[in-house]
Each structure stands twice: as structure tokens, then as C-alpha cells.
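Colleague: Residue numbers (my numbering), protein chains in the order written: chain U, 1 to 264; chain Y, 1001 to 1125. Sending over a structure as C-alpha cells; questions will come in a sec.
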């Protein structure tokens, strides 16, 4: 057996150290008690947060599917509007064609009338009739005005068609939001499933994957900007590229194009 | 030479708007496709298509992939391609230029811009 030898000084030193440890423990114990109490309060809160996240996660598929429904609904509505606009345009075209026929016939009639008027103006009674007839020719302008109005309505209906480009742009914005929801859902589902599998016997049934929406590619930066600024900038880039010899631009050439005033 | 357009867009709305615009501009021969894959098939099966107007963001095959497929096929490598898209950031335009699109129109577009770009493409091809 090994013989333990210790000087008295060493024993005193150890006792002193032990005393310090006790002193420290005395200070730490209340802190630990506070910590335990804090944990006692926090754990239900964390469980509550966990439940809320689980609840929100469970709602995400609904949110995602509602966004899809909005996209489908706007597409259907847009198609209906386009149908009506097309129907209006078709009717206006028919009216325009009829008016053209009327105008052609009127033009022929006028030629004949011009001869009749010439003959009629030879007598006093004829002169009077000619004056009365000229007063009636005000209606000729009305026909021209109607045609102009129809042209205007046609332009306006076509402008409605062009404005409906907003549907494609909002559909892409919604697809971007949906993509984000799907990603967040996937990450939260994994997190919740991991927490449950490590702390609880039962695991919640969170599918980590949501059904991807039909439109899988989209532009998250899509915007409805009717100003010509963006097109002008693109035109300048392409014009510069064509000036540079056309064909396929090298990366260096393209970088050079973008390094100037087009930055930003 | 009469133009026969292939209009490619997965959005029914946009396809209709582009087709209506082309008709208003006086072009009557128009074939439609709902994505790049459909477009490339139609390009091979429909004779006489001599102008492609394509969106970028589409499922199955994007407009950029369609452009690359067209440029990679010697039968269609010189076919005029006009990209009509919402994508307007520099990197996208770089990619499109590298893929050899002939011109680029940002959505929402106006008929004037579409006509101008068609003319420009025809002048340079």
C-alpha cells in the first residue's frame, strides 16, 4: 500500500481551499435556484412557442394553396375579361365595316346627287331645294365622327387588353411568395419533427414537403412598371453590343458594357 | 416574306395578349406554345415558322433553354428570337445575350415597342 505523506502546511492549505469552495457554492446555490425557477417558467413558454410554430406550420399548406387559388382565379377572371374585350372589338369591327359600306354607298349617291343638283339649280325652285339639301349635309360629319369614336373605343378596349399583362406579373409575384412559404414550411417541419422525436414519444405528422405549385419558374423581381426606363436601358445595352460587332458577346465585352453608366 | 410567329408563354393571358397585339399589327400567321419544350416540338413539326417570341420563366423548358436548343440545332440556328420577359436585371440580360437572343423586350410591353423590336430583329438577321 502506498504511503501517503502530507505535511501539516499542505493539510491547512487544502482545508483553506475547501473552505473557499464552500464559500463559492454558497454564492452559486441561490443563482442555481434562480436558474431552475427561470427554466421552470421558460419551459412552458418554449412549449407554447413550439405549439404556435407547429400550428403556423400546419396552416402553411392552406396559405400556399390559397395563393394558388388566387392565381387561378385571377387567370380565369383575366381570360373572361379578354373574352369580353375580344367580343367588343369584334362588334366594333362589324360596325366599322357596316359604316364603311354606308360611306361607300353615300359616296356613290353623292356623285349622282351632284349631277341632280347641277340640273336642279337651273330653276328658282331648284335653287331653293339645293340650299335645303346643303343644310342636310351636316349629317356627313356625323358619320365621320361616329367612325372616329369607334376608333377611340377600339383603342381603349385594346388598352384594357394590354393592362391585363398585370395578371402574369402578379402571378409571378405570388409564385415567389408561395416558393418562400414552401421553403419556410419545409424548414420548420424538419425542426418541429426533430424536437418532437428527441423529446416526445409521439411525433407530429408534418409533411416536410408541400405540393409545389404548377408554375415552378418565376421572376421574384417581376414588377408592373409601365415607364419606358427599363426598356430604354436594355435597348442601350443591346445597341452597344451590336455596335461591338454583333454575334455572341464575350463575357469581357458584356462586362465592359455594364461597367459604365448602366450600372445600378 | 410573310412572317410566321411562334409565341411561347406559359401564361394563357400573356399568350393571348401577344397574339392579339401581333394581329393588331397585321400579322396573322401565329402558332402558340405553352413552354419551351412544346415550342421546340412545334418548331420541328410546323413548317414555315420564321420568328420566335418567347417568355423566359416557364416550366419544363425555360425561354433561355429554348434559345440554347434553337441555337444548337443547325436547322434553326439563325432563327430570329425575341425574348419578352419580366426579367430585367443585368445578369439576366447578360445570359440572354450570351444565349444569342436577337432582342429583348421587358414586360409590360407596348405594341409600339413590340413592333419596333420585330423590325430591328428583321433588319439585323
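Note that the Cβ used here is the ideal one computed from N, Cα and C, for glycine as well.
Over what stretch of residues does the beta strand (DSSP E) that includes residue 1083(Y) continue unbroken?
Modeller: Against the second chain, residue 1083(Y) aligns to sequence position 83. Per DSSP, residue 1083(Y) belongs to the beta strand (DSSP E) from 1081-1085.
Colleague: Please list the residues of the segment 1064-1093 of chain Y that have a C-beta atom closer than 8 angstroms to any C-beta atom in chain U, keeping them in chain order.
Modeller: 1085, 1086, 1087, 1088, 1089, 1090, 1093
Colleague: Within 7 angstroms of any Cβ in chain U, is that where the Cβ of residue 1013(Y) sits?
Modeller: Here residue 1013(Y) is taken as the residue at index 13 of the second chain, counted from 1. Taking Cβ atoms only, chain U reaches closer than 7 angstroms to residue 1013(Y), which makes this a yes.
Colleague: Using the beta-carbon count (16 or more within 10 Å), is residue 40(U) buried or exposed?
Modeller: Taking the first residue of the first chain as position 1, residue 40(U) is located at position 40. Exposed: under 16 other Cβ atoms inside 10 Å.
Colleague: What are the complete beta strand (DSSP E) segments, minimum 3 residues, inside the segment 43-123 of chain U?
Modeller: none
Colleague: Taking its Cβ as the centre, do 16 or more other Cβ atoms sit within 10 Å of residue 33(U), making it buried, or is it exposed?
Modeller: Locating residue 33(U) in the first chain gives position 33, where the first residue counts as 1. Residue burial is scored here from C-beta neighbours: residue 33(U) has fewer than 16 other C-beta atoms within 10 angstroms and is therefore classed as exposed.
Colleague: When the cut-off is 7 angstroms and only beta carbons count, does residue 222(U) lie next to chain Y?
Modeller: Reading the first chain from its first residue, position 222 is the one you call residue 222(U). Yes, its Cβ sits closer than 7 angstroms to a Cβ of chain Y.
Colleague: Can you give me the C-alpha to C-alpha distance between residue 153(U) and residue 1086(Y), rounded to a whole angstrom?
Modeller: Translated into the one-based positions of the first chain, residue 153(U) becomes position 153. Translated into the one-based positions of the second chain, residue 1086(Y) becomes position 86. Using only the alpha carbons, I get a separation of about 29 angstroms.
Colleague: How many Å lie between residue 160(U) and residue 1106(Y) at the Cα?
Modeller: Position 160 of the first chain holds residue 160(U). Position 106 of the second chain holds residue 1106(Y). Near 18 angstroms, if we compare the C-alpha coordinates of residue 1106(Y) and residue 160(U).
Colleague: Going by DSSP in three states, residue 158(U) sits in which element: helix, strand or coil?
Modeller: Residue numbering aside, residue 158(U) sits at position 158 when the first chain is read from its first letter. Secondary structure of residue 158(U) (DSSP, three-state): helix.
Colleague: Are any of the Cβ atoms in chain U nearer than 7 angstroms to that of residue 1057(Y)?
Modeller: The sequence position of residue 1057(Y) within the second chain is 57, counting from 1. Closer than 7 angstroms to some Cβ of chain U, the Cβ of residue 1057(Y) qualifies, so yes.
Colleague: Name the chain Y residues whose beta carbon is nearer than 9 angstroms to that of residue 169(U)?
Modeller: Walking along the first chain from the start, residue 169(U) turns up at place 169. Within chain Y, the residues near residue 169(U) are 1086, 1107, 1108.
Colleague: Using the Cα positions of residue 1003(Y) and residue 1029(Y), report the straight-line distance between them to the nearest angstrom.
Modeller: Position 3 of the second chain, counted from the first residue, corresponds to residue 1003(Y). Position 29 of the second chain, counted from the first residue, corresponds to residue 1029(Y). For residue 1003(Y) and residue 1029(Y), the distance between alpha carbons rounds to 7 angstroms.
Colleague: Thinking just about the alpha-carbon of each residue, which of 232(U), 238(U), 193(U), 28(U) is nearest to the one in residue 54(U)?
Modeller: As a first step, residue 54(U) is located in the first chain; it is residue number 54 there, counting from the start. If you compare the alpha carbons of 232(U), 238(U), 193(U), 28(U) with that of residue 54(U), the shortest gap goes to 193(U).
Colleague: Report yes or no: do three or more beta-carbon pairs, one from the segment 82-97 of chain U and one from the segment 169-188 of chain U, lie closer than 8 angstroms?
Modeller: Verdict: no, contact absent.
Colleague: Give a yes or no on whether 7 angstroms exceeds the smallest Cβ distance from residue 1025(Y) to chain U.
Modeller: If you number the second chain from 1, residue 1025(Y) lands on position 25. So, not an interface residue.
Colleague: Just to confirm my understanding: we take residue 1067(Y), look at its own chain, exclude 5 residues before and 5 after, and list those with CB closer than 6 angstroms. What are they?
Modeller: Taking the second chain and counting its residues from 1, one reaches residue 1067(Y) at position 67. So the list reads 1081, 1099, 1101, once near-sequence residues are dropped.
Colleague: Identify each residue in the segment 1027-1049 of chain Y for which the Cβ-Cβ distance to at least one residue of chain U is less than 8 angstroms, and report them in chain order.
Modeller: For the segment 1027-1049 of chain Y, the set of residues with a beta-carbon nearer than 8 angstroms to any beta-carbon of chain U is empty.
Colleague: Return the chain-ordered list of same chain residues with a C-beta closer than 6 angstroms to the C-beta of residue 1069(Y), the five sequence neighbours on each side being excluded.
Modeller: For the purposes of this step, residue 1069(Y) is taken as the residue at position 69 of the second chain. Answer for residue 1069(Y): 1040, listed in chain order.
Colleague: Hey, residue 195(U) and residue 60(U) are a contact pair by Cβ (cut 8 angstroms); roughly how many whole angstroms apart?
Modeller: Counted from its first residue, the first chain places residue 195(U) at position 195. Counted from its first residue, the first chain places residue 60(U) at position 60. Between residue 60(U) and residue 195(U) the Cβ distance is about 17 angstroms, and since that is not below 8 angstroms, they are no contact.
Colleague: Which whole-angstrom value describes the C-beta separation of residue 1057(Y) and residue 219(U), a residue pair presumed to lie in contact below a C-beta threshold of 8 angstroms?
Modeller: Translated into positions along the second chain, residue 1057(Y) becomes position 57. Translated into positions along the first chain, residue 219(U) becomes position 219. The pair is a contact, with the Cβ atoms about 5 angstroms apart (cut-off 8 angstroms).
Colleague: Given that a residue counts as buried once 16 or more other Cβ atoms are within 10 Å of its Cβ, and exposed if not, what is residue 1044(Y)?
Modeller: Locating residue 1044(Y) in the second chain gives position 44, where the first residue counts as 1. Residue 1044(Y) comes out exposed.
Colleague: Identify whether residue 1006(Y) lies in helix, strand or coil by the three-state DSSP scheme.
Modeller: Counted from its first residue, the second chain places residue 1006(Y) at position 6. Correct three-state label for residue 1006(Y): strand.
Colleague: Per DSSP, what are the beta-bridge partners of residue 1020(Y) in this structure?
Modeller: Position 20 of the second chain holds residue 1020(Y). Residue 1020(Y) is not bridged to any residue.
Colleague: Run through the DSSP bridge pairs and tell me what residue 1051(Y) is partnered with.
Modeller: One-based indexing of the second chain puts residue 1051(Y) at position 51. DSSP lists 1005(Y) as partners of residue 1051(Y).
Colleague: Please list the partners that residue 75(U) has in chain Y, where partner means a Cβ-to-Cβ separation under 7 angstroms.
Modeller: Counted from its first residue, the first chain places residue 75(U) at position 75. In chain order: 1012, 1013.
Colleague: Tell me, please, whether the CB atom of residue 981(Y) is closer than 7 angstroms to any CB atom in chain U?
Modeller: Outside the shown range of chain Y, which is 1001 to 1125, sits residue 981(Y), and nothing can be said about it.
Colleague: Output yes if chain U places a C-beta closer than 7 angstroms to the C-beta of residue 1097(Y); else output no.
Modeller: The sequence position of residue 1097(Y) within the second chain is 97, counting from 1. Interface residue, yes.
Colleague: Go ahead and label residue 184(U) buried or exposed: buried means 16 or more other beta carbons lie within 10 angstroms of its beta carbon, across all protein chains shown.
Modeller: Stepping through the first chain from its first residue, residue 184(U) is reached at position 184. It is exposed - the Cβ of residue 184(U) has fewer than 16 other Cβ atoms within 10 Å.
Colleague: Can a CB atom of chain U be found closer than 7 angstroms to the CB of residue 1017(Y)?
Modeller: The residue labelled residue 1017(Y) in the question sits at position 17 within the second chain. True, the Cβ-Cβ gap to chain U drops below 7 angstroms.
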